Each structure stands twice: as C-alpha cells, then as structure tokens.
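Engineer:
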Amino acid sequence: MSVAYILRRIGQFLIVVWVASTVNFFLPRLGPGDPVRNRLLNAQVTGGVQSEGVSEIVQAYNRQFGLDKPLVEQYLIYLWNLVHFDFGFSIASYPTRASTLIFAAIPWTLGLLLVATLVAFFIGTLLGSLAAWPRSPQWVRHLSVPVMGLSAVPYYLIGLALIYLLAVLVPVFPSSGGYSLGATPSFTLGFAVDVLSHSFMPAAAIVASSVGFWALSMRGMMITTVGEEFVNLADAKGLKANRVFVRYALRNALLPQVTHLALSIGHIVSGSIIVEVVFGYPGVGVLLFNAITGEDYFVIYGVVFIVVLAIALSTLIVDLLYPLLDPRIAYGRT
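Taking full-length UniProt numbering, I'd label the letters of the sequence shown as residues 1 to 334.
Next comes the structure, spelled out in structure tokens:
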C-alpha cells in the first residue's frame with residue numbers, strides 16, 4: 001500500500017465528512033418555523049411563558065444562539081466549532097451544551113449496541129459457517145432456518161414482544177430505562193447488575209433480529225469458499241476436517257464479513273434510535289429523536305456529525321487494514 005493511496009483515502013474521508021456536515025447544517029433549516037419561537041409558543045400554551053413579550057424573548061434567544069447572524073456566517077462558525085467538537089448550547093436544555101448531552105449518552109449506546117452487535121456477529125458467523133459446511137451436524141441446519149427467519153422481523157417488533165413476555169406477562173426484567181428510578185450511577189456491583197438487567201431485553205432484541213443477517217451472509221460466502229480449489233486440495237491432502245474448516249474455508253470466507261462488521265459498528269448510533277425509543281433507553285438514539293421532535297438544531301448537528309464521523313472513520317480504517325487481512329490485496333501498486 002503506497003503513501004499516495006493512504007493520503008488519497010484520507011482526503012476522501014475529509015471530503016465525505018465535510019459534505020455530510022454541510023448537508024447536516026442546511027437540512028434542518030429547510031423546515032418551516034423558528035425552533036426558538038416554536039418552543040416558546042409551546043411553553044406559552046402550557047403556561048410556562050407569559051404571552052407578552054414573546055417576540056423580544058425570541059430575538060434575545062436568537063442572539064444568544066447565533067441564529068440572528070447571516071447564514072454564511074452561521075455556517076463558518078458551525079464548521080469552526082465542529083473541528084473543536086463544540087456544538088453550541090442545546091435549545092431544549094439551555095444552558096446545557098449539546099456536547100455534554102451527547103457525550104453523556106454515547107457510553108449507553110456503545111455499551112448496548114456494541115456488545116449486542118459483536119454477540120450477533122459471532123453467533124451468526126459461527127452458525128452460518130457451520131450451516132454451509134458439509135460435515136456439520138444435521139441440527140445446525142435445522143436451527144439456522146428459524147434464526148435466519150428472524151432477520152426479517154424488525155427490532156421494535158421483537159422488542160415489543162419481549163416487553164410483553166418478560167416484563168408484563170412474566171415480570172423478570174424491567175420494561176424501560178437504563179437503570180432503576182432512584183438509583184445513583186456508580187461503579188458498584190449492584191449498579192452494574194441493575195444496568196445489565198435493564199439492558200438485557202434491548203440487547204436481546206438486537207441480537208435476535210440481526211443474528212440471522214450475519215448467518216445468512218456468512219453461509220453464502222462459505223458455500224462459495226468451500227467450492228474453491230484450494231479447499232478441495234487441502235481436503236485431498238488428508239488434512240484434518242477441523243483444520244480445513246478453520247484455516248482454509250472459514251478464514252477466507254470471513255474477510256467480507258469483517259468489512260460488514262466494521263461498517264455495522266459505524267452505523268451503531270443511527271441504528272439505535274428505534275430500539276432505544278421502544279425501551280426508553282438513555283442513549284444517543286433517544287437524544288436524537290427528542291432533538292428532532294423538539295427542533296433542537298445544535299443537538300441534531302452534534303449527533304449527526306458523530307454518526308457521519310463514525311461511519312466514515314470505520315470505512316477508512318477497514319479500507320486501510322484490509323490488505324493486512326488479505327495479502328492478495330495491494331492497493332496503489334498498479
């Protein structure tokens with residue numbers, strides 16, 4: 001891999017982040033209305049704000065948030081702040097900064113989605129590879145059918161079913177939240193158990209819905225790899241079946257799967273919205289959902305920027321590391 005190729009890929013990465021960030025800036029502004037005015041009008045309806053002087057309050061808040069400046073100046077300030085991971089103040093939770101809300105929610109999303117994605121990946125990959133291996137037990141093929149069928153069921157339907165079964169019908173796990181009401185977050189065993197009990201059902205919904213995708217994907221790649229000449233040659237040499245399976249078939253079929261895994265990890269935040277909303281989980285997905293419904297521009301900017309950065313960065317890392325996984329690939333040497 002040449003230095004020129006690495007620099008070119010980094011340049012493409014920066015362009016992708018800039019274009020996506022630009023779209024992220026202008027898209028919310030295409031909608032009708034003023035977010036500050038809308039929030040004050042809602043507060044006025046509920047009695048939180050007096051009807052007199054609303055226009056003056058709107059002007060004051062627009063000056064505070066920088067929304068009274070020309071659009072080009074707002075855009076340049078926005079880009080400068082992005083470089084410093086400063087997304088401004090949250091409109092809905094003023095004077096809390098948007099970055100404070102986002103970085104407080106990220107550990108919850110990573111803890112839930114990252115673990116669930118990795119568990120689904122390993123289970124699905126193992127199941128898919130065994131389903132395509134001719135010498136696998138018959139029960140593996142029977143088990144793979146219902147598991148793959150679950151991949152067609154959305155997260156939220158499995159989540160609602162789990163809530164009914166394990167929180168309503170048989171109340172084993174809590175139905176919502178990240179931890180029990182009244183509990184104080186701390187690094188203690190009791191709090192960790194409480195968090196795990198709240199995380200079990202959303203994690204189970206994600207695993208049950210996505211393990212079939214990994215199994216089906218791995219099965220297709222494994223079937224192709226098993227028919228390759230190098231696998232047949234290794235088998236003809238009399239190598240042990242386990243060695244042929246692991247070193248020749250599984251290892252080569254796993255390469256595209258690793259790419260999918262990296263991209264899935266990059267999509268963790270964007271894929272967490274529905275699951276977190278269903279279970280009331282205090283992650284980035286719920287934060288983004290509330291920001292969109294509440295027209296909280298600066299929180300939307302921050303969350304979408306983090307999502308774009310994660311996806312683009314994971315793609316870049318996979319692209320640069322792929323030659324290490326497969327020596328046959330040599331970018332930039334043609």
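Beta carbons are placed, not taken as given, at the ideal position from N, Cα and C, and that holds for glycine.
Values in this document were obtained by computation on a predicted structure and should not be read as measured data.
1. According to the neighbour-count rule (16 or more other Cβ atoms, all chains shown, within 10 Å of its Cβ), is Leu101 buried or exposed?
2. Check whether the Cβ atoms of Val278 and Tyr156 lie closer than 8 Å to each other.
3. Would Ala262 and Met221 be called neighbours here (beta carbons separated by less than 8 Å)?
4. Please work out which residues of its chain come closer than 8 Å, Cβ to Cβ, to Pro154, disregarding the five sequence neighbours upstream and downstream, and give them in chain order.
5. On the DSSP bridge assignment, give the partners of Arg97 in chain order.
6. Roughly how many angstroms lie between the CA atoms of Ser217 and Ile77, to the nearest whole one?
7. Exposed or buried, what is Ala215 when buried is set at 16 or more other beta-carbons lying within 10 Å of its beta-carbon?
8. Quick check on the burial criterion: 16 or more other C-beta atoms within 10 angstroms. Buried or exposed for Gly238?
9. Would the region 307-321 and the region 11-18 be scored as touching if the rule is three or more Cβ pairs under 8 Å?
10. With Val284 as the anchor, note down where its alpha helix (DSSP H) starts and where it stops.
11. Can you find the residues in the same chain that come closer than 6 Å, C-beta to C-beta, to Ala241, ignoring five residues on each side of it along the sequence?
12. Drop a sphere of 10 angstroms on the beta-carbon of Trp108, count the other beta-carbons inside from all chains shown, and report buried for 16 or more, exposed for fewer.
13. Within its chain, find whatever has a CB closer than 8 Å to the CB of Ser180; leave out the 5 residues flanking it on each side and keep chain order.
14. Can you tell me whether Thr259 is helix, strand or coil according to DSSP?
15. What residue ranges within the region 195-235 form continuous alpha helix (DSSP H) runs of no fewer than 4 residues, ordered along the chain?
Structural biologist: In short:
1. buried
2. yes
3. no
4. Sequence-distant Cβ neighbours of Pro154 in its own chain, meaning closer than 8 Å and more than five residues away, are Ser209, Ile274.
5. As computed with DSSP, Arg97 is found in a beta bridge with Phe89.
6. 44 Å
7. buried
8. Answer is exposed; the Cβ neighbour count stays below 16.
9. Counting Cβ pairs under 8 Å, three or more are found: they touch.
10. 284-293
11. Arg135
12. buried
13. Pro174, Asp194, His198
14. helix
15. Positions of the alpha helix (DSSP H) runs, each at least 4 residues long and wholly inside the region 195-235, cannot be given because no such run exists.
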